[in-house]
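Residue numbers (this note's numbering): 853 to 1148. The C-beta atom is built at its ideal place from N, Cα and C for all residues, glycine as well.
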Amino acid sequence: MNKQKRADLLFLIITGFWGASYYLTDLCMKEMPPMFLNAFRFISAFLILGIVFFKKIVKVNLITIKYSILIGIALTGTYIFYAYGISETSLSNAAFICALPVAVTPLLEFLFKGIRPSKKLFACLVLCTFGLALLTLSDTLKPELGDIICLGVPLCYAIDLIITEKAVKIDGVDALSMGVFELAFVGVVTLILSLIIEEPHFPNSASVWTAALFLGLFCTGIAFVVQAIQQKYTTASHVGLIFTLEPVFASVIAFIFANEILRPRSYVGMFLMIVSLVLMEVDIPFLKSKAKDVQD
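Encoded structure:
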């Protein structure tokens, strides 16, 4: 397995964690306010990873801190839009909209970096987006306030991916330290916001404590550090496409733990999304492109 495919596999595992986070977040928000939940998961992730990698991150340099802050700003925006958007719309709509970095990332790369999507990536984008729509959208989709708020999620996260892709290729930037300190930035900012606009309180039940700690360690700490370390081996567009599987995992977990039944067309959507990922990993001669793209 080459480095790119290994990175893609790790991103697929991360996507599974984030798919689980929809159900876990919904569970936690019954006992914790949105911003405080974000603060809890990011600060707990920072503390755990900070202890584990203390000898490494204590030597952090200024350029690494700089990119930790830049990524942290984008990530803070992502989770602010996510927390308030998901509370004002259906989980299906939120899952679809929040997975749109797959479309936004190549657009931003084309606008600001001049990188045209390859034919294969473009074909996978179309197939995956269509599958995503079949999976998550209802027959009578009506825009809600939450839908509009959730549009900020893919924009902010696409910016996160692009900045991370640039940062990990710069000499002197330590990807592990950057991933750990961006957690601290988001945690501190969301805690300040929580103290200003909410009445912070910890969960009351053991189940919510478990869910919140899982969100902190696996869905936040491990996920974002792995992203920072592994993204040098792939591209932002590639990662954005893999992350579209997030609502697939979310739907499966909702079925298992919340008895949520999917429509038949939703399973067709899942199939199309999986096919798009397989096509992305396989060389297809007639889809090869001479466009400026580093993914192949």
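Close CB contacts of A951 within its chain, under the 7 angstroms cut and outside five residues either way in sequence, are with L984, F1095, T1096, E1098, P1099 (chain order).
Taking the Cβ atoms as the reference, A1010 lies roughly 4 angstroms from V956, within the contact range of under 8 angstroms. Look at the beta carbons and you see the region 1109 to 1118 not touching the region 927 to 934: under three pairs across the two are nearer than 8 angstroms.
Within the same chain, F863, L1013, Q1083 come within 7 angstroms of V1091 by CB-CB distance, once the 5 residues on both sides are set aside. With contact defined as three or more Cβ pairs closer than 8 angstroms, the region 1042 to 1049 and the region 882 to 890 are in contact. If you ignore the 5 residues before and after K882, its C-beta comes within less than 8 angstroms of the C-beta of V1060, all in its own chain and listed in chain order.
Contact between the region 860 to 879 and the region 1000 to 1010 is absent, with fewer than three C-beta pairs closer than 8 angstroms. Non-local C-beta neighbours of R1117 in its own chain, meaning closer than 6 angstroms and more than five positions away in sequence, comprise L986, ordered along the chain. For the 9 angstroms CB-CB criterion, Y931 and I1015 do not form a contact.
Sixteen is the threshold: since fewer than 16 other Cβ atoms of the shown chains lie within 10 Å of the Cβ of N854, the residue is exposed.
Taking C-beta separations shorter than 6 angstroms and ignoring five residues to either side along the sequence, the partners of L1131 in its chain run C976, following chain order. In the three-state DSSP reduction, H1053 falls in the coil class, being neither helix nor strand. G1073 sits in a helix when the DSSP states are folded into three classes. Shown here for L1069: same chain residues with a beta carbon closer than 8 angstroms to its own, the five before and five after excluded, namely S896, A897, I900 in chain order. Rounded to the nearest whole angstrom, the CA to CA distance from E940 to I949 is 13 angstroms.
DSSP places S896 inside the alpha helix (DSSP H), whose first and last residues are 886 to 904.
If you check the CB distance, I1049 and G998 do not come in under 9 angstroms. Per DSSP, V1020 lies in no alpha helix (DSSP H) segment and is marked neither H nor E. With a threshold of 16 other beta carbon atoms within 10 Å, E1051 falls short and is exposed. With respect to the 9 angstroms criterion, F1076 and T867 are not classified as neighbours on the basis of their beta carbons. Listed in chain order, the alpha helix (DSSP H) runs fully inside the region 927 to 981 are 943 to 950, 953 to 965, counting runs of at least 4 residues. In terms of Cβ geometry, D860 and T1086 form a close pair [threshold 9 angstroms].
Put simply, the backbone Cα of T981 is about 30 angstroms away from that of L1035.
For A1027, the CB contacts under 6 angstroms within the same chain, skipping 5 residues up- and downstream, are V1020, A1080, I1081 in chain order. Per DSSP, the unbroken alpha helix (DSSP H) holding E1098 starts and ends at 1098 to 1110. Of the residues F933, V1032, G902, S942, the one whose Cα lies closest to the Cα of I921 is V1032. A distance below 6 angstroms between beta-carbons, with the five flanking residues on each side excluded, links I909 to the following residues of its chain, in chain order: S1029, V1032. Residue range 855 to 880 is occupied by the alpha helix (DSSP H) that includes I865.
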